[in-house]
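Please read the structure below before turning to the comments.
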Amino acid sequence: MRWDGHHEEIDFRIAFGFPWPAMGSMVEAAVKTYIDAASERDPGKRAAMLEACFAADGRVVSRSREIRGRAAVADEIAKLLADPLLVRVRVLSVIETGNTTFRFRSVVERSDGKNFEFFDAGEVDATGHISLVLTFAGPLREAADA
Numbered sequence: 398m399r400w401d402g403h404h405e406e407i408d409f410r411i412a413f414g415f416p417w418p419a420m421g422s423m424v425e426a427a428v429k430t431y432i433d434a435a436s437e438r439d440p441g442k443r444a445a446m447l448e449a450c451f452a453a454d455g456r457v458v459s460r461s462r463e464i465r466g467r468a469a470v471a472d473e474i475a476k477l478l479a480d481p482l483l484v485r486v487r488v489l490s491v492i493e494t495g496n497t498t499f500r501f502r503s504v505v506e507r508s509d510g511k512n513f514e515f516f517d518a519g520e521v522d523a524t525g526h527i528s529l530v531l532t533f534a535g536p537l538r539e540a541a542d543a
């Protein structure tokens, strides 16, 4: 802990001289691959991308449902990409990563003008695969003044 009471993140790889890559870079690579997979139209390439970045038993959890497993996530992405109104999936923010965590904002843009904004946060396991995504649809409302 620093003198001002805040905790500092310790990179144990460096502290103990381990040669593997920083977990943060593994997190960033997994998340970028996951985002790219959401726009990949070729099913074979998309499957390979998801295998590289998403745990076989990983979960995507929203307010109303849970998608469990890489295969189910692949099916949901295929449904999204099959929508004839889909223009693109676009990232709206930086991809912020921690040692094992991430968050970012995105939007699904449609040709009818109905765009859907999302906030995703999640966790990457020790193998560099996304194990959990918490996804929230729509922007947050402003807090009422107290």
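In terms of our numbering, the sequence shown has 444 at position 47, counting the first letter as 1, and numbering is strictly consecutive. Just so you know, even glycine gets a beta-carbon here, dropped at the ideal spot from N, CA and C. Bear in mind that the values here come from a model prediction, so they are computed numbers and not experimental data.
Requested in this report: Please report the residue range of the alpha helix (DSSP H) in which Ala444 lies.
Outcome: Translated into the one-based positions of the sequence shown, residue 444 becomes position 47. Where Ala444 is concerned, the enclosing alpha helix (DSSP H) stretches over 440 to 450.
Query raised in the report: If you draw a straight line from the alpha carbon of Ala534 to that of Phe516, how long is it in whole angstroms?
Result: If you number the sequence shown from 1, residue 534 lands on position 137. If you number the sequence shown from 1, residue 516 lands on position 119. Ala534 and Phe516: Cα-Cα distance of roughly 7 Å.
Query raised in the report: Would you say Arg502 and Leu489 are within 8 Å of each other, going by their C-beta atoms?
Result: By 1-based counting over the sequence shown, the position of residue 502 is 105. By 1-based counting over the sequence shown, the position of residue 489 is 92. Taking 8 Å as the Cβ cut-off, Arg502 and Leu489 qualify as a contacting pair.
Report task. Would you identify the three-state DSSP class for Pro418, choosing helix, strand or coil? Result -> Within the sequence shown, the letter at position 21 stands for residue 418. With a pLDDT of 46 at Pro418, under the threshold of 50, the predicted position of this residue should be treated as unreliable, and no value is reported.
**Report entry** Which listed residue (Lys442, Lys476, Glu473, Gly495) has its alpha carbon closest to that of Glu425
**Finding:** Start at 1 with the first residue of the sequence shown, and residue 425 comes out as number 28. Closest by alpha carbon: Gly495.
Query raised in the report: Between which two residues does the beta strand (DSSP E) containing Ala475 stretch?
Result: Along the sequence shown, one-based indexing puts residue 475 at 78. No beta strand (DSSP E) holds Ala475; the alpha helix (DSSP H) holding it covers 467 to 479.
Report task. Let me know if Gly441 comes out buried or exposed under the rule of 16 or more other beta-carbons within 10 Å of its beta-carbon. Result -> Here residue 441 refers to the residue found at position 44 when the sequence shown is read from its first residue. It counts as exposed.
Query - Nonlocal neighbours in the same chain, by C-beta distance under 6 Å from Arg410, ignoring five residues either side - result: Taking the sequence shown and counting its residues from 1, the one referred to as residue 410 is at position 13. With a pLDDT of 42 at Arg410, under the threshold of 50, the modelled position of that residue is not reliable, and the figure given next carries that caveat. Nothing meets the Cβ criterion.
Query raised in the report: Roughly how many angstroms separate the alpha carbons of Arg507 and Arg485, rounded to a whole number?
Result: By 1-based counting over the sequence shown, the position of residue 507 is 110. By 1-based counting over the sequence shown, the position of residue 485 is 88. Going by the C-alpha atoms only, they are around 7 Å apart.
Query raised in the report: Asp509 by DSSP, collapsed to three states: which one?
Result: Start at 1 with the first residue of the sequence shown, and residue 509 comes out as number 112. Coil at Asp509, not helix or strand.
Query raised in the report: Straight-line CA distance for Asp509 to Lys476?
Result: Here residue 509 refers to the residue found at position 112 when the sequence shown is read from its first residue. Here residue 476 refers to the residue found at position 79 when the sequence shown is read from its first residue. Those two C-alpha atoms are separated by around 18 Å.
Query - Closest by C-alpha distance to Ala479, when choosing among Pro536, Ala435, Arg538 - result: Here residue 479 refers to the residue found at position 82 of the sequence shown. The shortest Cα separation from Ala479 among Pro536, Ala435, Arg538 belongs to Ala435.
**Report entry** Beta carbon of Leu520 nearer than 8 Å to that of Pro536
**Finding:** By 1-based counting over the sequence shown, the position of residue 520 is 123. By 1-based counting over the sequence shown, the position of residue 536 is 139. Looking at the sequence provided, one finds Glu at residue 520 rather than Leu. No; because the gap between Cβ atoms is not below 8 Å, this pair is not in contact.
Query - Closest by C-alpha distance to Thr498, when choosing among Arg438, Leu531, Leu447 - result: If you number the sequence shown from 1, residue 498 lands on position 101. Considering only alpha carbons, the answer is Leu531.
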